[in-house]
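Residue numbers (full-length UniProt numbering): 1 to 86.
Note that CB positions come from ideal geometry on N, CA and C, so glycine has one too.
Beneath this line is the structure, given in structure tokens, with notes to follow.
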Amino acid sequence: MKFNTPHLTFVEASKAKVLVIKATRNGDYTLDFEGVVRVDSTVLALALYAYRQAKAAGKELTLLAVPPGFMELVKLYGLETLLKPH
């Protein structure tokens, strides 16, 4: 699923959460960040939720076009083994 916003922060979290839940319920385990330029730690919660749903379904989470800020947060929280971009 593609986020259609340039920012994924606390402000956009509730809308993004609904999109991620709907996507994973439909078997879509791809998070496409194309066009996203600003993130905060809220995005990690969304990505980890999608990761857990994918794992429970025996699938892999695919992360596309991740912004640099996302990877900085992933490294800061030690999540490199779970959240890897493709």
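- Thr42 carries a helical assignment under DSSP once its states are collapsed to helix, strand and coil.
- Secondary structure remark: continuous beta strand (DSSP E) runs of at least 3 residues inside the region 17-42, in chain order: 30-32.
- Going by C-alpha positions, Leu61 is about 14 angstroms away from Ala45.
- Cβ-Cβ distances below 8 angstroms link Phe10 to Asp40 and Thr42 in the same chain, with the five nearest sequence neighbours on each side left out; the list follows chain order.
- Under DSSP, Leu63 shares a beta bridge with Leu31 and Pro85.
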